Amino acid sequence: MNSPSASCPGKAKADAACEGTRPSGGVCATGRWRDTPVRRTLTTQVLVVGGGINGAGIARDLALRGVRVALVEKGELGGGTSWASSGMIHGGLRYLQKDPQVTLHSCVDSGNIQRIAPHLIFRIPFLMPVFRDDPIGPELVEIALEMYDRFQPFKRGKPHTRLSREQALRLEPALSPQLECAFTLDEWGVDAARLCAANALDAADRGAQVRTHTEVISLLRDAGRVRGARVRDGITGEEWEIEAELVMNAAGPWLPKVARLAGLEVKLRPGKGVHLVFERRVSDLAIYATGIDGRDMFTFPHEQNSMAGTTDDDFYGDLDRMETTEDEVAYVLQAMERSIPSIRRHRVCHVTAGVRPTLFGFGRYEDELSRDYQVIDHGARDGVPGLFTIAGGKLAAYRLMAEDATDRLCARLGVRELCRTAQTPLPGGEAPLDVAALSRRFRVGWPAALRLFFRHGAHAPRVLEQSVPTPFAEPATPVPRIVCACEPVTDAELVHAALREGLRTLTDCSLRLRLGIGACQGASCAAAAASVLAEALGWSAEQTAHELATFLAERWRVATPALAGAQIAALELHRAADVGARGFTRGDRAGRGSEDSPRRSASWETA
Amino acid sequence: MRVVVIGSGLAGAAAALELASREMKVTLVSAGVGATALSFGSLDVAVPSPEGSGLPLRDATATRLLAPRERLAACLRTRLRHPYATLFGRSGGGAAESAATDAVKSAAASLDRWLAPSGLRVEGGLDAARLLANVHGAVRACDFAFTGPAEGDLQGAAEVEIAAVTGLAQHDARPLARALAAEFAAIGLPRPSFRVVPLPLPAGFVVDGGSPARVAARTDTEEGLRALVAAVAARHRDETLGRRAEGERRLLLLPPILGFSGVLAKLTRLREAAGCRVAECLGAPPASPAGLRLAGALAAALSRESVVVRHARVRTLERTGRQLRALRLQSREASSNTEERLEAEVILLACGRFLGGGLSEHEGGVHETLLDLPLYDEAGVRVDGSAASRLVRASPEGPQRLFSSGVRTDSRLRPLGADGEPLFENLFVAGDLIGGFDPSTQRTGLGVALLTGLRAASEIARLAEQESA
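Chains as they are written, first to last, in this note's numbering: chain A, 1 to 607; chain B, 608 to 1076.
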């Protein structure tokens, strides 16, 4: 096994910093968890399967209540449905009519999430244009919004306003001049992958064992009872066992597959949703648009980009090989064009696709299915004790769902602690931060400091201290270098993620740090980021080349479905740059039709 | 005869300079930067291997690397729709190969002559490739290279010192060294020793998050260059580094920070200070001044040869039957929206592919921008009007039809219509806009640009002679 280079100074420093200050939980043991051989069997109280928002939220709640927990995720934290969501902590105006329970839960929990992780949340004001031929006239829309206003205080949202046509066009000149009037309403956005990671990292800080790229391949049974799982590390190929009193199946759209390992059936109606991501902000406000079939969608500013979506279609395909189709792209753009006629002039740099683990319901359109959630005790329902499943739900209500699930797990374990997840801040959310001072102290540009704060909150200074001391560095505090200019991402943050957050592959950086998902799609930053991680994690040259190839293949895969306009020239340049920079190790397989395009990094045997 | 060249990349500029040297009146219209300005520092004319792409670049017995001359011959034999086939013939016989090698030698000499006054030379030849390192440690076999990277041939070096500059982004010396070692293991040639050496530059030299472009710009100032030279000299005198090889057998590899002009003079000073060979890595985005150096040197050459350069975008071309009459330009200089009309008797299209704007997407399909000329991929299948997403694969590996498509031409470099006949009597095309090859994987991008640019110029000159006769 390739042990990280002992001469890597950054790692030694991080190791020293952590010595004796943390329980030897999985993720935060600064690379130690990779060094030590994995014990053949790990024993714990609860094994959580799935590191999406629900799994991470449940692991955190359990850890906060002092329960020993292990969390395994077969890819990267949040890399399934959570990351492909709209990334909004929103109330769900849509559900007011049929599912008001959902709206209430989401709004209340949005308020909680704001309190515990204010740095991860950002306000997204929405603008809803009303056109003459809309099925619902402005008066009815306003009634709905007035109802929704009553939920806004739960999430510190502002009440709606009504704008005249002129006022709306002044606010957003790109709007279609056909509109009659417009309404504004208030929602919140979130970096969903970072929210997952924050929950998982907090759990690890409190003693949980968190492992990514680790998949459950079978469940351990004892007569009818589930007593744990056998897992496989996708990167090293090692297999080992986790014994647990209870197993929590939080695998999202993969949960039926996990349930089947116990011979059980949990029915879902998986609903696929895609988003188009523009390489920059297209508008200041989120703008509603109506699809050809009457569905509501929007183009909304999100972090450094704008996103357009989403769709909702029954999905029957392979969850691990999901592609975005021409139809989906055309459907979304057609809808956006009605509200923003110039939308096609903007460059879509990539698409995201994910599947909602929607509760099963027969005979209804995807949109009309309930967004409520369910916690299933398979002991009570199916006579298979030791296994629980959580299905359905919305990102915005994750904390509430986790509380409910954890209550039930704790009842079974006989643990009496109360839930504290609504009051306890997530890592970084403890206090505000003077970003200007941070920028001055570490001599890093203000935009980079700000983005770092958005991801790490009050822990940002700790991150910047990880700046790689390049060999023979003169200044005592090395100055962070900008690796990804689009975000921006500093080398310090990469090293911190590798050594202190258990980041394992270059592709994980797209989610954890938003590396290479902007205009350049990694063309300008992936190779440099790979070098920085190679130093931190001790990758060989071959592994570094493999990581880079996998990363760029993924960026290509998500850029090509919406290929149009200026994006073609961008892809031409990115490809020329990548192929032009290949040497003998990565090879030049472009001439021979190579079909393999792994969605996740293939099993890599570290030499 | 009034000739207008559209496009100021290597193809357009080479054509304009060749025409100017034959005393013809040339106007060159440039809309901005394209692929040439984004190149990395090498000029490849031959494909990497007999299959046209893919490595290794070895002969059948796998004992040695193929010479550029041999690879060029292989390209002529196997790639029947490559522009080289148009230029030099499709026969497998020696005639095509000797025509090609003569053309390459003459083209390289012309380009060297044009660029030399800007401190940029063209080094290399068809007998042996240079193995050059890029900024991330990949090794490329380059047929020709420009001053800066050109001196960095890893073959024949016993020791390679990789300079580490504190705080420079996009450059990590130790992973670079490890990558180079792995590359040589993959190549199977005797390996130089690789060592990382510090290059202490004064405080304030590296700023702005380590931006490589900012550091490169500093060495364009005398003060900045002197600091770099001093740092290099200090390393040379540093006895703690032990006994080292002298002269040609030691190579100091710098990150791509040698600025945007006057590279030859800078390297001379650095070589003196270092007591050994000094070279720059090949670039990779965003750390690649080489392309901008080339573009700058070409612009300087155009200016010296009194070629009129208009900074404008061509909106449309006016035609009467099969003759093009004039161009309608939108100036990039003026702030007004007025169009200008420029008359022309011969037009050369050298605007590249998507990056340069020669190809674009319109109403859901790809098209040639100005005249909607039919486009063909490497297999000869017509592709204009197809959606871009259907012309690429889900994986970046494998042939991508979108990036091997372009205009089809006759042997005189006149673009052909669907019926296989030239569409216009006075229109020529050069550079990447010609289809039938993939500039990225086949690595012949700049080679095609240079050779077709010069050939188009001689065809246009021949046309002028015929007209005046």
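Ideal Cβ positions, reconstructed from N, Cα and C, are used throughout, including at glycine.
Remember, it's a predicted structure, so these values are computed and weren't measured experimentally.
| said: Using C-beta distances below 6 angstroms, list every residue in its chain close to Phe647/B, excluding the 5 sequence neighbours before and after it, in chain order. | reply: Counting only Cβ-Cβ distances below 6 angstroms, and skipping sequence neighbours, we find Leu889, Gly890, Ser895, Ala897.
| message | Using a Cβ distance threshold of 8 angstroms, determine whether the stretch 79–93 of chain A contacts the stretch 176–192 of chain A, with at least three qualifying pairs required. | response | Yes, the stretch 79–93 of chain A is in contact with the stretch 176–192 of chain A.
| task | Find the nearest neighbour of Asp134/A within the set Ser339/A, Ala63/A, Leu450/A, judged by alpha-carbon distance. | result | Comparing Cα-Cα distances from Asp134/A to each of Ser339/A, Ala63/A, Leu450/A, the minimum goes to Ser339/A.
| Among Gly309/A, Gln567/A, Gln334/A, the one whose alpha carbon lies nearest that of Ile292/A | It is Gln334/A whose Cα lies nearest to the Cα of Ile292/A.
| said: Rounded to whole angstroms, what is the Cα-Cα separation between Leu645/B and Tyr373/A? | reply: When rounded, the distance between both Cα atoms is 52 angstroms.
| query | What are the residues that DSSP puts in a beta bridge with Leu93/A? | reply | None; Leu93/A has no bridge partner.
| Distance, Cα to Cα, Arg170/A vs Leu511/A? | The straight-line gap from Cα to Cα measures roughly 35 angstroms.
| said: So, with DSSP's three-state summary, where would you put Asp296/A? | reply: Strand, per DSSP.
| task | Tell me, please, which residues DSSP counts as bridged to Gln209/A. | result | According to the DSSP secondary-structure assignment, Gln209/A is paired through a beta bridge with Ala70/A.
| query | How is Phe388/A classed by DSSP in three states: helix, strand or coil? | reply | Residue state, collapsed to three classes: strand.
| query | Can you list the residues of chain B that Ala612/A reaches, using a CB-CB cut of under 7 angstroms? | reply | With chain A represented from 1 up to 607, any question about residue 612/A goes unanswered, as that position is not in the structure.
| query | If we count the other Cβ atoms within 10 Å of its Cβ and call it buried at 16 or more, is His160/A buried or exposed? | reply | By the neighbour-count definition (other C-beta atoms within 10 Å, threshold 16), His160/A is a buried residue.
| Neighbouring residues, chain B, relative to Gly583/A (Cβ below 7 angstroms) | Those within 7 angstroms of Gly583/A in chain B are Ala745, Val746, Arg747, Glu790.
| Taking the continuous alpha helix (DSSP H) assigned at Lys873/B, which residues delimit it? | Annotation: the continuous alpha helix (DSSP H) that includes Lys873/B extends over 870–881.
| request: My understanding is that Gly565/A touches Arg260/A, with C-beta atoms under 8 angstroms, so please give their C-beta distance in whole angstroms. | output: Not really, about 44 angstroms apart at Cβ, beyond 8 angstroms.
| message | Please list, in chain order, the chain B residues whose beta carbon lies closer than 7 angstroms to that of Glu572/A. | response | Going along chain B in sequence order, the residues near Glu572/A (Cβ under 7 angstroms) are Arg960, Phe961, Leu962, Phe1010.
| task | Spatial neighbours of Arg1008/B within its chain, please: CB distance less than 6 angstroms, with the 5 preceding and 5 following residues excluded, ordered by chain position. | result | Excluding sequence neighbours, Arg1008/B sits near Asp984, Leu998.
| message | Among the candidates Pro724/B, Ala994/B, Cys883/B, whose CA atom is the shortest distance from the CA of Arg856/B? | response | The shortest C-alpha separation from Arg856/B is found at Cys883/B.
| query | Interface residues of chain A around Ser996/B at Cβ under 9 angstroms? | reply | Within chain A, the C-beta atoms nearer than 9 angstroms to that of Ser996/B come from Glu326, Val329, Thr560, Pro561, Ala562, Leu563, Ala564, in chain order.
| request: Establish whether the CB of Val258/A and some CB of chain B are separated by less than 8 angstroms. | output: Interface residue (Cβ-Cβ distance to chain B less than 8 angstroms): Val258/A is not classified as such.
| query | What whole-angstrom Cβ distance do Leu201/A and Thr184/A have, given they're in contact under 8 angstroms? | reply | With a Cβ gap of about 36 angstroms, Leu201/A and Thr184/A do not count as contacting.
| task | Use the C-beta contact count for Asp508/A: other C-beta atoms within 10 angstroms, 16 or more gives buried, fewer gives exposed. | result | It is buried - the Cβ of Asp508/A has at least 16 other Cβ atoms within 10 Å.
| field | Listed by chain order, chain B residues near Leu552/A by CB distance under 9 angstroms | value | What Leu552/A touches in chain B: Pro1003.
| said: Strictly under 8 angstroms for the Cβ-Cβ distance: is Arg557/A near chain B by that measure? | reply: Interface residue, yes.
| request: Below 8 angstroms on the Cβ atoms is my guess for Leu571/A versus Ala559/A; work out the distance and round it to an integer in Å. | output: Cβ atoms of Leu571/A and Ala559/A come within 8 angstroms of each other, at about 6 angstroms.
| said: Give the list of continuous alpha helix (DSSP H) stretches no shorter than 4 residues that lie fully inside the stretch 813–858 of chain B. | reply: Within the stretch 813–858 of chain B, complete alpha helix (DSSP H) segments of at least 4 residues are found at 819–825, 829–844, given in chain order.
| request: Using a Cβ cut-off of 8 angstroms, pull out every chain D residue sitting near Gly1054/B, in sequence order please. | output: Among the protein chains in the structure shown, which are A and B, there is no chain D.
| Helix, strand or coil for Trp539/A per DSSP? | If DSSP states are grouped into helix, strand and coil, Trp539/A belongs with coil.
| query | Nearest-angstrom Cα distance between Ala250/A and Ser993/B? | reply | In a straight line, the C-alpha of Ala250/A is about 43 angstroms away from that of Ser993/B.
| Endpoints, the alpha helix (DSSP H) within which Glu630/B is located | Careful: Glu630/B lies outside any alpha helix (DSSP H) and carries neither H nor E.
| Chain-ordered residues of the stretch 436–456 of chain A with a beta carbon less than 8 angstroms from chain B | Taking 8 angstroms as the Cβ-Cβ cut-off against chain B, the residues of the stretch 436–456 of chain A that qualify are Val444, Gly445, Ala448.
| request: Step through the CB atoms of chain A and report whether any lies within less than 8 angstroms of the CB of Ala618/B. | output: No, Ala618/B lies away from the interface with chain A (no Cβ there is under 8 angstroms from its Cβ).
| task | Kindly indicate if chain B contains any beta-carbon less than 8 angstroms away from that of Ile121/A. | result | Cβ-Cβ to chain B under 8 angstroms: no for Ile121/A.
| task | For Glu625/B, count neighbouring C-beta atoms within 10 Å of its own C-beta (all shown protein chains included) and say buried if the count is 16 or more, exposed if not. | result | Buried: at least 16 other Cβ atoms inside 10 Å.
| task | Since I believe Trp721/B is in contact with Ala908/B (beta carbons under 8 angstroms), could you give me their beta-carbon distance rounded to a whole number of angstroms? | result | Here Ala908/B really is in contact with Trp721/B; their C-beta atoms are around 4 angstroms apart, less than 8 angstroms.
| query | Which one or two residues does DSSP pair with Asn249/A in a beta bridge? | reply | In DSSP, Asn249/A forms a bridge with Val49/A, Thr389/A.
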